[in-house]
Amino acid sequence: MSDRKASELLGKDVTTESGHDLGQLKDWVIDIASWKVKGLSVRLSRDALDLIHVKKPLFGSQDVVIATGDVVGIADRIVIKKTIDELAQLAGAETQGDDGDHA
């Protein structure tokens with residue numbers, strides 16, 4: 001049986017296909033009009049922030065949203081097909097200020 005409750009997956013470790021540990025599944029992004037899961041909100045570990053060269057916040061960490069189409073497997077952990085460079089772009093895009101400077 002491949003069906004699982006969403007609550008069973010929260011907190012699962014998330015890694016890339018190449019074996020880089022990223023963090024843990026924190027939440028879900030849901031399109032409420034269609035009731036489809038659009039993405040996974042992943043809380044990046046401090047090591048993952050170092051790996052993708054994103055400045056660590058003073059407290060806590062940073063979340064990135066991974067599209068459900070980028071998930072390649074779920075078992076003991078969730079495996080995604082994003083590369084480190086792609087994750088850096090995602091994280092960088094989410095850390096840009098609201099001043100319009102998106103270099």
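Residue numbers (this note's numbering): 1 to 103. Even for Gly, the Cβ is constructed at its ideal location relative to N, Cα and C.
Checklist entry - Measuring CA to CA, which of 19, 37 and 21 is closest to residue 5? => result 37
Checklist entry - Between 52, 79, 73 and 57, which lies nearest to residue 88 when the distance is taken from Cα to Cα? => result 52
Checklist entry - What distance in whole Å lies between the Cβ atoms of residue 25 and residue 9, which are believed to be in contact at a cut-off of 8 Å? => result 6 Å
Checklist entry - Is it true that the CB of residue 79 sits closer than 8 Å to the CB of residue 17? => result yes
Item to check | Buried versus exposed call for residue 55 [16 or more other C-beta atoms within 10 Å across all chains shown] | outcome: exposed
Next on the checklist: From the DSSP secondary-structure annotation, give me the bridge partner or partners of residue 68.
Outcome noted: DSSP output for residue 68 lists no bridge partner at all.
Checklist entry - Around the Cβ of residue 72, are there at least 16 other Cβ atoms within 10 angstroms (buried) or fewer (exposed)? => result exposed
Checklist entry - In the DSSP assignment, what residue or residues form a beta bridge with residue 15? => result 21 and 79
Next on the checklist: Taking the alpha-carbon of residue 46 as reference, which of 86, 62, 7 and 81 has the nearest alpha-carbon?
Outcome noted: 62
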